[in-house]
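**Student:**
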Amino acid sequence: MTTPGVLVVDIGSSHTIAMIRRGDGTVETLLSDHSPPSLPATLAQVRDACARTMPEPPASVTITHPASWGPTKRLEVAEHARDAGLGAPTLLPAPVAATRYLVDVLGHALPVGATVFVADFDETGFAAAVLSHTPGGFAVLAADDARAPDATAMPVESAVRVGQAVLGSAGVPAERVATVMSIGAASRSPLATDTVQRVFGRPPFVVDQPELAAAHGALFDVHALPGPGAPPLIPVSGTPQPGPAAPMKPPRRLATVILGITAAFALVFVTVTAVANATIAAPADPESTADVKRDAGTAAEALLSYDHKDMDASITEAKSYTTEGFGREYVQNMEDLRPTAESEKASIEAEVVDIGIVENTGEAVEVLVFVNQTTTNSNIEGSRVDKSRVTLTMVLGHGGWKVDDMKAL
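Take a look at the structure:
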């Protein structure tokens, strides 16, 4: 007997994404429309696509929506869903779903009592929400959005104003926000990075496929309801394609994010990979272990530091600890960062506080490094200390162990 699947529809201000999770745990994107028709027509498209793809009606339907929608708008959505033959859906604010994905699926630490700011960017608009992590889940404290006129790019000043207004309405100062998460199709745009930087003086977390964060969070929330034996959530990757989806491996606890290593708005892109389920191993002898840890620590402090007064020296020193391939990527990222770092007089000093071997594949060694980064720039008073974790992939090269990849946790 086939186990009924679940359906999630993420309705944004200018897009609609529909995803299903089948009974065997496979996930497929049914619809990804950035120019959707009317809501009734869109939900009818979702119904028809679901009927073509699933042998039975979904066991449950969850619709995520902008947190700023009021009761009347939410009631309208529920009525349209019933009229389209989708039954009585569960309505879930998109920032809540995205935060559940960040915390419950990706494993991001956010203790009860902490607040999170979710910034949702698309091509012509911006939505912001402040959430509190309560013992019962995530509660929306304040939310608002703004659209650019005539489908043009939104001015950064407008987005900054929305962000500051939402913080003010929630009664939460920017410095007390534990995590800033950026979602939506335009999360890596200059508007997104500049807006968050100007409001918070720091870059946001950006998950892999940020346009799917709310949908994935809703799928996880639905999955949490069944009893023992329910199949694991299996997230989609890549561009949505029609046709059946093959079973995929369950996700590791942490997935891809972007670590901003500076207080400037430009980001150094690094990939996050979970170390859950990894084989804990070390180089064959204690002397090699000590060498790897020594070289990784030295490299981490150089790669995660810079001084705006002499960017050339900072880049040259850090590059000396990398392989040729990763060195080229690092230099390009730092050159992109240079204008902002120099104009904002930004500097970072990284200090390794602990280090350990995670995995030895025989060809490379994965090292986990705990780092404190002290940041100074013209946007903050004094300095700020950020606690970071990175993994470095170390390979043996001329003159010692070199960094071949850097991943942030």
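FYI, my numbering numbers position 24 of the sequence shown as 681, with every residue one higher than the one before it. Ideal Cβ placement from N, Cα and C applies to all residues, glycine included.
Taking the straight line between their C-alpha atoms, what separation do you get for A745 and T1048?
**Tutor:** About 45 angstroms.
**Student:** Since F983 and D1061 are thought to touch, with beta carbons under 8 angstroms apart, how far apart are those beta carbons, to the nearest angstrom?
**Tutor:** About 5 angstroms; that satisfies the 8 angstroms criterion.
**Student:** Determine the direct distance from the alpha carbon of L848 to that of A831, and round the result to whole angstroms.
**Tutor:** Cα-Cα distance, rounded: 18 angstroms.
**Student:** Just tell me which of V703, E958 and E986 has its CA closest to the CA of E974.
**Tutor:** E974 has its Cα closest to that of E958, out of V703, E958 and E986.
**Student:** Mapping DSSP to helix, strand and coil, what is T979?
**Tutor:** The answer is strand: DSSP assigns T979 an E or B state.
**Student:** List the DSSP bridge partners of K1044.
**Tutor:** In DSSP, K1044 forms a bridge with N1029.
**Student:** Quick one: grab the DSSP three-state call for P768.
**Tutor:** Residue state, collapsed to three classes: coil.
**Student:** Which ranges would you report for the beta strand (DSSP E) in the region 782-867 if only whole runs of at least 3 residues count?
**Tutor:** For the region 782-867, whole beta strand (DSSP E) runs of length 3 or above, ordered along the chain, are 782-791, 794-804, 836-840 and 862-864.
**Student:** Count the other CB atoms, across all protein chains shown, that sit within 10 Å of the CB of L743; report buried if there are 16 or more and exposed otherwise.
**Tutor:** Under this definition L743 is a buried residue.
**Student:** Report the residue ranges of all alpha helix (DSSP H) runs contained in full by the region 702-753; include only those spanning at least 4 residues, in chain order.
**Tutor:** If we require 4 residues or more, the alpha helix (DSSP H) runs fully inside the region 702-753 come out as 728-740.
**Student:** Suppose the cutoff is 7 angstroms on Cβ atoms and the five residues either side in sequence are ignored; what does the same chain contact list for K1002 look like?
**Tutor:** So the qualifying residues of the chain are H965, N1034 and S1035.
**Student:** With DSSP as the reference, label L961 as helix, strand or coil.
**Tutor:** In the structure shown, L961 sits in coil (DSSP, three-state: anything other than H, G, I, E or B).
**Student:** Which word fits V769, buried or exposed, when buried means at least 16 other C-beta atoms lie within 10 angstroms of its C-beta?
**Tutor:** Looking at its Cβ environment, which holds fewer than 16 other Cβ atoms inside 10 Å, V769 is exposed.
**Student:** Taking V834 and F862 to be in contact with their CB atoms under 8 angstroms, please state how far apart those CB atoms are, rounded to whole angstroms.
**Tutor:** The Cβ separation is near 12 angstroms, so there is no contact.
**Student:** Do V665 and L876 have their beta-carbon atoms positioned less than 8 angstroms apart in this structure?
**Tutor:** In contact: L876 and V665 (Cβ atoms closer than 8 angstroms).
**Student:** Could you tell me the boundaries of the beta strand (DSSP E) in which L688 lies?
**Tutor:** Looking at the DSSP string, the run of the beta strand (DSSP E) that includes L688 is V684 to D690.
**Student:** Let me confirm a value: R951 is counted as buried when at least 16 other C-beta atoms fall within 10 Å, else exposed. Which label applies?
**Tutor:** That one is exposed.
**Student:** In whole angstroms, give me the CA-to-CA distance for N1017 and L1053.
**Tutor:** Cα to Cα, N1017 sits roughly 12 angstroms from L1053.
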